[in-house]
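Below you'll find the structure, written out as structure tokens, and then a few comments.
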Amino acid sequence: MSDISPSDFAGSLIRSYPTVTIESKSGQSLMISVTPSMIRDVVQFIADNLPMALPESVFGVDLEDDNYELIYIFWSHPARLLCQIRVQLKGETPSIPTVSDIFPGLEWHERETHEMFGIEFEGHPDLRPLLLPDELVGKYPLRKRFKTDRSRLAESGLPIVKPRPRPKKEEGSGK
Amino acid sequence: MSPDIGDEAVEIWFGPQHVSAHGWAAKLTVVGDYIVECDPHAGYFHRSAEKVLEFRTFKQGGLVLERMCMLEAFLAEYPYISAVEQIAGMEIPERAKVLRTIMMEASRIHSLQFWWGQLSAELGLFAMTLWPWVDREFFLDTFEELTGSRHAASFSTPGGIRYDFTDKVRQKLLRAIGRLESNLPKFKDMLLRSPTFKMRTKDVGLFNAEDGIKWGLSGPNIKSCGIPMDLRKDWPDPNLAYDLADWEVPVYENPEHPGQSDAYDRMVQRFMEIETSVSIIKQLLDQIPDGPIVDPKARAKANRLPAGEAYGRVEGTRGITTVWLKTQDKAQTPWRAKIRGPCFASYYSLKHMVPGSTFADFVVVFGSLDPYPGWWDR
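Protein sequences, first through last, are from chains A and S. This note's numbering applies: residue 1 is where the first sequence begins, and numbers increase by one. This note's numbering applies: residue 1001 is where the second sequence begins, and numbers increase by one.
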């Protein structure tokens, strides 16, 4: 089982799920594109067929105009193989089935992606905010439209201080 | 608390004010002296590094990364630098490769010495806290001599390194290693053969390799189950020089419970990590080639990167540390940078590992995983 090669693994995945597209980036890395409805099947396939699959991370990328990409990364030490699964999502609050029951280690990664990007994970046991303070919950700060300049200063409730006028230069003070 | 737990259960907050809970807190449900549920909470000092990185140039990014974990600053900044170098297609000078590897291993030793002292303090063995920390000072002196800074050194930069080795740095590093080597067997004996230490750590925080991998654990936590999972060997990096040294992945498998790891095994495993790092440093110190430490033309490429994606990975002190980077064409700043800290997984796995152990063992289980809050509150 441990001597599965990247091409064998890609071949058996394609035979089981002919609609996925697989791109080999290097000898050690595969990029698998799937549709949101298939994510559970493909992740289950990885859990069953890729020896000792370590769930490295799940994260979102904002592609602007309500387009998002989710990337799941798995690393197999015996096969020396890195699998990136990529899913395109669209919509105001896009949703995708959770995989945290297959890989418990992804539970917190999904929780973080939920609070940072507003992506719903259907069937996730616990989508409470993980890292954010209360006042940022529901604002999805890693989206590109979340502004970090002074335009949102009023939200903080702090008094807005006008910049102090600069002191005039005194004559001869430059010496 | 789950509704099916009986009336006798009590909820207790462990942290964030507790002395061994520095920047984290877990809600524990206990029945008598036993923990039945653990709900770790994160976010006590979240610094939004991923958003901050979107507004920093590629040369500045490494400085943000090393603030994720000050103890292993030389290692923590590397995945970002590596991702930038991959997108730009940089070749870095041979001398820089070797010096980078040496300092990354020195950083690993320093981080492990700190952890070992801290775990001893949590067990109440204060002598074993201060002695390794005295040895650790010698490594900090080396970092100070080399970079001017004891912790956040910003040593690596896209295209090479920023500070060159002098004879004095070399002497100081050799002195730190010499002191460590003469003291390590003594300390190991004192700690690992101590009946108190054995009582507190044997069969505490036991998990098996399959579960650990499903929870996302990596590094010494998984190696102590007997699995030689180490990116230094598995993921050859052309910009590092691990292949110049002759070394084996340190793996400790306890014959009492093969395929499983408890707090004691993780302690032994980390001592083996220190010994391996010492051996790598000593071999590489004899092989430092002459030449420049940074290629200015390559470094200039980092001002504007082409569109691309890269995944920088390194075997950190605590496990697999990665940065996923996406850039747009002619970008001065990243479009998205995702940091994967190894302790995100080890902190989460407390939820599964702790129930069943006693309240007094909670600190030992936590400490034995070597978690650093900076890695989950990025």
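The beta carbon of each residue, even a glycine, is placed where N, CA and C say it ideally should be.
Rounded to whole angstroms, what is the Cα-Cα separation between residue 40(A) and residue 1330(S)? 37 Å
Under the rule that 16 or more other beta-carbon atoms within 10 Å means buried, what is residue 1199(S), buried or exposed? exposed
DSSP-derived helix/strand/coil call for residue 162(A): Three-state DSSP puts residue 162(A) in coil, outside helix and strand.
Take the Cβ of residue 1367(S) as the centre, count every other Cβ of all protein chains shown within 10 Å, and call the residue buried at 16 or more, exposed below. buried
Chain A within 9 Å of residue 1336(S), Cβ atoms only: With 9 Å as the cut-off, residue 1336(S) counts as an interface residue toward chain A.
Can you pull the chain S neighbours of residue 121(A), defined as C-beta to C-beta under 7 Å? The premise fails here: residue 121(A) is roughly 15 Å from chain S at the closest Cβ pair, so nothing lies under 7 Å.
Are the beta-carbon atoms belonging to residue 93(A) and residue 118(A) less than 9 Å from one another? A contact, by the Cβ cut-off of 9 Å.
Coil, strand or helix - residue 1041(S) by DSSP: Residue 1041(S) carries a strand assignment under DSSP once its states are collapsed to helix, strand and coil.
For residue 105(A) and chain S, any beta-carbon pair shorter than 9 Å? Interface residue, yes.
So with Cβ pairs under 9 Å, would you call residue 1228(S) a contact of chain A? yes
How big is the Cα-Cα spacing for residue 1351(S) and residue 1360(S)? 16 Å
Beta carbon proximity, residue 1377(S) to chain A, threshold 9 Å: yes
Applying the criterion that 16 or more other CB atoms from any shown protein chain within 10 Å of the CB defines a buried residue, is residue 1222(S) buried or exposed? buried
Measure from the C-beta of residue 1157(S) to each C-beta in chain A and report whether the shortest distance is under 9 Å. Chain A, which has no Cβ nearer than 9 Å to the Cβ of residue 1157(S), makes this no.
Could you tell me which residues DSSP pairs with residue 21(A) in its beta bridges? 33(A)
How long is the line joining the alpha carbons of residue 69(A) and residue 96(A), rounded to whole angstroms? C-alpha separation (whole angstroms): 11 Å.
Once the 5 residues before and after residue 997(S) are set aside, which same chain residues still bring their CB inside 6 Å of it? Residue 997(S) lies beyond the residue range present for chain S, which begins at 1001 and ends at 1378; the question has no answer from this structure.
Can you grab the Cα-Cα spacing for the pair residue 1203(S) / residue 1226(S), in whole Å? 16 Å
Using a Cβ cut-off of 8 Å, pull out every chain S residue sitting near residue 148(A), in sequence order please. Ordered by position in chain S, the residues that pass the 8 Å Cβ test against residue 148(A) are 1051, 1055.
Residue range of the unbroken beta strand (DSSP E) whose run includes residue 87(A): Residue 87(A) -> beta strand (DSSP E) spans 81-90.
In chain A, which residues lie less than 7 Å from residue 1344(S) when you measure between Cβ atoms? 108
Kindly indicate which three-state DSSP category residue 1260(S) falls into: helix, strand or coil? strand
When the Cβ atoms of the region 20-35 of chain A are set against those of the region 74-94 of chain A, are three or more pairs found closer than 8 Å? These segments touch.
Counting only Cβ pairs nearer than 8 Å, list the residues of chain A close to residue 1061(S). The premise fails here: residue 1061(S) is roughly 16 Å from chain A at the closest Cβ pair, so nothing lies under 8 Å.
Residues of chain S with CB closer than 8 Å to the CB of residue 132(A), please, in chain order. Within chain S, 1043, 1046 have C-beta atoms less than 8 Å from the C-beta of residue 132(A), given in sequence order.
Give the interface partners of residue 1218(S) over in chain C, defined as CB-CB distance under 7 Å, in chain order. Of the protein chains in the structure, A and S, none is chain C.
Does the region 1319-1334 of chain S come close enough to the region 1002-1019 of chain S to have 3 or more Cβ pairs within less than 8 Å? no
Are the Cβ atoms of residue 1107(S) and residue 1239(S) separated by less than 9 Å? The answer is no: Cβ separation not under 9 Å.
Strictly below 7 Å CB to CB, what residues from chain S border residue 142(A)? Listed by position along chain S, the residues whose Cβ is nearer than 7 Å to that of residue 142(A) are 1050, 1051.
Chain-ordered neighbours of residue 152(A) on chain S, where CB pairs are closer than 9 Å: Against residue 152(A), chain S offers no close residue; the least beta-carbon distance is about 13 Å (beta-carbon pairs closer than 9 Å).
Coil, strand or helix - residue 1331(S) by DSSP: Here residue 1331(S) sits in strand by DSSP.
Beta carbons nearer than 8 Å to chain A: which residues of the region 1312-1335 of chain S have them? 1320, 1322, 1324, 1326, 1335
Under the rule that 16 or more other beta-carbon atoms within 10 Å means buried, what is residue 59(A), buried or exposed? Buried, by the Cβ-count rule.
Would you kindly check if the distance between the Cβ of residue 1190(S) and the Cβ of residue 1128(S) is under 9 Å? yes
As a quick exercise: from 1074(S), 1279(S), 1006(S), pick the residue whose alpha carbon is nearest that of residue 1174(S). Of the candidates 1074(S), 1279(S), 1006(S), the residue whose Cα lies closest to the Cα of residue 1174(S) is 1279(S).
9 Å is my cut-off, CB to CB: does residue 84(A) come that close to chain S? yes
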